[in-house]
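K.L.:
In our numbering, the protein residues as written are 20 to 729.
(1) Which partner residues of residue 365 appear in the DSSP bridge assignment?
(2) Please work out which residues of its chain come closer than 8 Å, Cβ to Cβ, to residue 619, disregarding the five sequence neighbours upstream and downstream, and give them in chain order.
(3) Helix, strand or coil: which one does DSSP assign to residue 338?
(4) Whose C-alpha, out of 162, 129, 195, 188, is nearest the C-alpha of residue 174?
(5) Exposed or buried, residue 420, counting other C-beta atoms within 10 Å across all chains shown (16 or more means buried)?
(6) Write down every uninterrupted run of the beta strand (DSSP E) in the segment 148-183 whose length is 3 residues or greater and which is fully enclosed by it, in chain order.
(7) Per DSSP, residue 571 forms a beta bridge with which residues?
(8) In three-state terms, what does DSSP make of residue 66?
(9) Determine the DSSP secondary structure at residue 71, reduced to helix, strand or coil.
(10) Contact between the segment 553-572 and the segment 670-677 is defined here as three or more beta-carbon pairs at a separation below 8 Å; is this criterion met?
(11) So residue 341 and residue 458 are supposed to be a Cβ contact under 8 Å. How far apart are they, rounded?
(12) DSSP state of residue 607, grouped into three classes?
(13) Output the distance between the C-alpha atoms of residue 331 and residue 563, rounded to the nearest integer angstrom.
(14) From this set, 634, 156, 47, which residue's C-alpha is nearest residue 195's C-alpha?
(15) Straight-line CA distance for residue 378 to residue 360?
(16) Do residue 709 and the ligand ZN come close, with the Cβ less than 6 Å from some heavy atom?
(17) On the criterion of 16 or more Cβ atoms from any shown chain inside 10 Å, does residue 157 qualify as buried, or is it exposed?
(18) Ordered along the chain, which non-local residues of its own chain (more than five positions away) have a Cβ less than 7 Å from that of residue 643?
(19) Nearest-angstrom Cα distance between residue 145 and residue 528?
(20) Taking DSSP as the reference, what is the three-state secondary structure of residue 283?
(21) Rounding to the nearest angstrom, what Cα-Cα distance links residue 569 and residue 299 in this structure?
(22) List the whole-angstrom C-beta distance separating residue 114 from residue 155, where the pair is believed to meet the contact cut-off of C-beta under 8 Å.
(23) Could you tell me which of 307, 708, 292 sits nearest to residue 280, measuring between CA atoms?
(24) Tell me residue 632's beta-bridge partners as DSSP assigns them.
(25) Should residue 719 go down as buried or exposed, given a rule of 16 or more other Cβ atoms within 10 Å for buried?
(26) Does the beta-carbon of residue 273 have 16 or more other beta-carbons within 10 angstroms, so that it is buried, or is it exposed?
(27) Can you tell me where the beta strand (DSSP E) holding residue 597 begins and where it ends?
(28) Between the segment 34-50 and the segment 253-266, can you find at least three pairs of beta-carbon atoms closer than 8 Å?
(29) Quick one: what's residue 33 bridged to in DSSP?
(30) What residue does the beta strand (DSSP E) around residue 623 start on, and which one ends it?
(31) Excluding the five sequence neighbours on either side, which residues of its own chain have a C-beta within less than 6 Å of the C-beta of residue 135, listed in chain order?
(32) Taking the alpha-carbon of residue 31 as reference, which of 395, 122, 327 has the nearest alpha-carbon?
(33) In angstroms, rounded to a whole number, what distance separates the CA positions of residue 730 and residue 597?
(34) If we ignore side chains and look at the alpha-carbon of each, how far apart do residue 178 and residue 262 end up?
(35) Please name the residue in 671, 357, 623, 137 whose C-alpha comes closest to that of residue 388.
(36) Compute the beta-carbon to beta-carbon distance between residue 480 and residue 518, rounded to the nearest angstrom, for a pair I have assumed lies under 8 Å.
Below, the structure is given as structure tokens:
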């Protein structure tokens, strides 16, 4: 018995109505994708059809003969309708296609929907495909060659240029095995396996294709293409997982309703599984919601994407910055006209769609142009009429509702979902965005460097994860090494340079405070609220005032705790203000005039708890200007305190006196001046002056001749 392994690759059909797409799928898989009665009656696909195909794999991981080593891989197939009336259904089915199966009937040749389907695949970035020329038994070999030339001209300049062409007849099966082998090669290549012959790959594939990201690193999204109920199970939704992974018993959120629902069971490719991931078809049995409450175009998302649903419920305007490219105008194949600024187009994304207004932008984010000509590309901002979960790297298609034709497509550079981030988003689109590089460590750093505004501290971790289209653990891992100048802390992604600047500005503010403050103010310390008010206008970009306030307060607390340093730079005073630590307040950091400073300190050290007046200092024999500068420097450094007008004490003596006072009052209800004098071993006058100093600094309160703690 062969072992079957699911593979996260989707094959999708494309082509004009009645060119044999469903017939070919039935021949390849034995599965009938036209299940509606009307489809069977008319012989035309109306809804999306789903099937799967098993490929035998040899010991090298290539498509091989049946039973080569007892292993098969199973890939999903989506059969899309070819009629023009069902182009929206085709677009919903084309979501997530990795390998295109373009079917062109040789009796008709290239038809309008052949062209439009190729255009859509090109806009979605589908880079691998096989072209099947069907109904070859109905025409001459010359006609087959003529149609093959038509197809070659159609594919020129698209992502499918150079795709292998196989001639096929459903009557005798000619070419069927070759089609299957070509699909096997491309499917294995799309998931990083050996692709076999390189001639089967499109010549327009991106050079050095980057391997697929690990699904665990992505934010989960499943765009719903069907919702129905099964007796005994309840609500089931199906779709192609656009990103991330989902497991049984996990909780997901519905978009745009914002409801939490639980995953009961998961089925993928006709097999019940515990987990499904990006690129796989999945049928998910949900509890907590009725099947009529969900419909095509809505999305199951990771709870991390809750901000999108919150915006939708508040009816806020959805926007996205993108790169957009118009299709080329090719005579005889397609006619494309220029698109004007503020034009209204229909945006198709995943299984959803909405009208959008488009505004073109220059490389610097400015509104640079009025029109976009056929074949040109530029940055743009899309203003959505209805909410969609657009994430970085997502492909989309733009159609003109007036002409019902596809005009172009592009990729999302960054979504808007928080007002504070809007000024910063402009620059993100400038960071290169390729389908399989999104969310890589290099892409994360490129996005963050583009995001981070001048003076920006950083961003909220959850917001950055959404912008980069990665999970928070993946983001933390990418920033674990601070050499990139960014790090994660307390739920924020922060700039190392800006954090250091905050620390420096806090120190500068304190030094200035010591230089200019009165003795009572110095004892209280710098008011933290006033400090925050002075810093927030500089650092709130990207975070907003409230979140920036949280981060700056966190940095100040780290400075107090001595994080990243051998000891703390600042401390809290008894009244809660900010003061320089004794290490920073050392005399050596005063005026720089060590001779005068040393002489001043020597006076204090001659006799225990000693106060010094300005008159005593003037008798030191130095010029008054030098003495004044030295006193100011020592005050600024926190070495001395002006505890009364023109009266100074060593800071350490004031701190010791306060400590002894607090200890005494912790054991006694009050203290008198004489008790304080005896406690310190100083004169009564100095004791009274110190008590008055502590009164003014809200350490104590005077009640008659006694003091009590504040």
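Idealized CB from N, CA, C, for every residue including glycine.
P.N.:
Working from what's here:
(1) 374, 418
(2) 631, 636, 639, 646, 649, 650, 653, 659
(3) strand
(4) 129
(5) exposed
(6) none
(7) None; residue 571 has no bridge partner.
(8) Unreliable positioning characterises residue 66 in this predicted model, as indicated by a pLDDT of 44, which lies under 50. The coordinate reading is nonetheless provided below. Coil.
(9) strand
(10) no
(11) That belief does not hold up - the Cβ atoms of residue 341 and residue 458 are roughly 17 Å apart, past 8 Å.
(12) Caution applies to residue 607, whose pLDDT of 42 falls short of 50 and renders its modelled position unreliable; the model cannot decide the point.
(13) 21 Å
(14) 47
(15) 5 Å
(16) Inclusion of the ligand ZN in the displayed structure is not the case, the ligand content being empty and no account of it being possible.
(17) exposed
(18) 637
(19) 57 Å
(20) strand
(21) 41 Å
(22) Their Cβ separation, rounded to whole angstroms, is 31 Å, which puts residue 114 and residue 155 out of contact at 8 Å.
(23) 307
(24) 666
(25) buried
(26) buried
(27) 597-599
(28) no
(29) 121
(30) Per DSSP, residue 623 belongs to no beta strand (DSSP E); it is in the alpha helix (DSSP H), 613-623.
(31) 425
(32) 122
(33) The structure shown does not extend to residue 730, since the chain spans only 20 to 729, so no value can be given for it.
(34) 22 Å
(35) 357
(36) That pair is no contact at about 15 Å.
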